[in-house]
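All residue numbers for the sequence shown refer to UniProt numbering, where the first residue is 1 and numbers rise by one.
Some notes on the structure that comes next.
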Amino acid sequence: MEAALASLPMNLSETYGRMIENIPRELARDAIRLLQFLVHSKQPLTLTEVKEIIDTQIETESPGFDIKRRLFYETDVLHYCPGLVTVVDAADKQLHLAHFTVKEYLVGEHQFNITAASISITKTCLAYLTGISPSHREMHRDFPMVYRAADFWARYAMLAQDSEAIVRATICFLEEEATFQLWTRLYEPDWLFQNTPGSPRGSRLYYSCFLGLVATARYLIDKGAGVNAQGGVYGNALQAASIESHQEIVQLLLDKGADINAQGGEHGNALQAATYIGHQGIIQLLLDKGAAINAQGGKYTNAFQAASLQGNQAIVQLLLDNGAAINAQGGKYSNALQAASFRGHQEVVQLLLDKGADANAQGGKFGKAITAASDRGHREIVQLLLDHETKAI
């Protein structure tokens, strides 16, 4: 009895450790991979999707999805991680970790850290997609993990870039016409609010830059990919890298001859994209390399109006220091002061007034800055603008 009591685990960590040790050897690799998905996935996975993960081989010489390995019953999944997972939501049959303490334990183990898990998740998703024909009609019915895989590899590949195997796999996946067409048919990573798949709107280099895949982007450029090719929601690779805050790729593209003032896309140019997202390092890099600070175009007309709308005082000041035209006209809000007033950025409004912004400038949706502030109920800004007008008299 004493020996039995002495052999009991001392705490939850030891309990979970023993559960993993007790997973049958023939199931261990797939079980670890399954747990990596569950620990790091932002969305819950269904039993049907988890079956597909297990049925995808990544450790063999010919990785890929093997339909012959498909588990017969969805509940067979539970044999892989007994005690560590549970099924919730009777309708969707989602597989969750059994308790939040399971996740707390697993993230402390090396094989479940974000880098190791990202390598495993990316390998699995690329292998799964590689075995599917782009012309397959009943895609989701026959391959229920297909949309998740198209999304997941794009999210996790950047976190797995230290793995040469992942870099090679990513390059092969994008270079192969069939898999590239399949992926863009399933998923468009640069559409934030909706996913409307179809023919590729951007080049392989464009998507690599958007996803932050430095080694892949460098390889494609060295193989002749055009750094100024147009396409995609953000128009070109430089704007795509800028909007996603990938400074190393921005530097790479500039070093390889990207047109710093190339027009087109959601934000008109790379500087406006970087300004909108608020990445000071990229903004400074672009300015140092000669970006046209007052270039017109894009969703917010110019970089200065984008910065004012976002309310980033440090970036507004940086742009002013580099020659931004404070009263430049155009776009929905006509000028930076009206944009900042509309959004309620009082400190930016004060800065703009101090630097000479014209509070009576006409144009835009609201006509004047004070009308924009009033419409949105920003009383302090209304008063600030009134006080400024009084002083000016």
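Glycine included, every Cβ here is placed at the ideal spot set by N, Cα and C.
In this text, all values refer to a predicted model and were calculated from it rather than measured experimentally.
Residue burial is scored here from C-beta neighbours: Y73 has fewer than 16 other C-beta atoms within 10 angstroms and is therefore classed as exposed. Looking at the DSSP output, H99 shares a beta bridge with no other residue.
Within 10 angstroms of the beta-carbon of Q57 lie 16 or more other beta-carbons, which makes it buried. Per DSSP, reduced to three states, the secondary structure at L384 is helical. DSSP places G17 within a helical segment (H, G or I) once states are collapsed to three. If you ignore the 5 residues before and after A225, its C-beta comes within less than 6 Å of the C-beta of L205, all in its own chain and listed in chain order.
Assignment of Q310 by DSSP, reduced to helix, strand and coil, places it in the helix class.
C-alpha of Q111 to C-alpha of I54: approximately 17 Å in a straight line. Secondary structure remark: continuous beta strand (DSSP E) runs of at least 3 residues inside the region 166 to 217: none found. Taken through DSSP and simplified to helix, strand or coil, G64 comes out as strand. Contact between the region 269 to 281 and the region 290 to 307 is present: three or more C-beta pairs spanning the two stretches fall below 8 Å. Beta-carbon to beta-carbon, H388 and G344 are separated by about 16 Å, too far to satisfy the 8 Å threshold. Residue state for G367 is assigned as strand, using DSSP reduced to three classes. Of the residues C81, S133, L352 and M139, the one whose Cα lies closest to the Cα of Q313 is L352. Beta-bridge pairing by DSSP links V87 to L95. For Q57, the beta-bridge partners assigned by DSSP are G64.
The three-state secondary structure of T46, taken from DSSP, is strand. Look at the beta carbons and you see the region 12 to 21 touching the region 81 to 89: at least three pairs across the two are nearer than 8 Å. Here DSSP, grouped into helix, strand and coil, assigns R137 to coil. With 16 or more other Cβ atoms from the protein chains shown falling within 10 Å of its own Cβ, F173 counts as buried. Spatial neighbours of C209 in its own chain (CB-CB distance under 6 Å, excluding positions within 5 residues in sequence) are listed in chain order as A217, A237, A240, A241 and I249. Counted as a single uninterrupted DSSP element, the stretch harbouring K223 is not any alpha helix (DSSP H), since DSSP gives it neither H nor E. The shortest C-alpha to C-alpha distance from N294 to any of F304, K103 and E26 is the one to F304. Using a 10 angstroms sphere on the CB of H267, the tally of other CB atoms reaches 16 or more, which defines it as buried. Sequence-distant Cβ neighbours of G356 in its own chain, meaning closer than 7 Å and more than five residues away, are I326.
The beta-carbon separation of Y187 and D142, rounded to 17 Å, does not stay under the 8 Å limit for a contact. Pairing Y80 with D30 gives a Cβ-Cβ distance under 8 Å. Per DSSP, reduced to three states, the secondary structure at I121 is helical. Only buried fits F366, as 16 or more other CB atoms lie within 10 angstroms of its CB.
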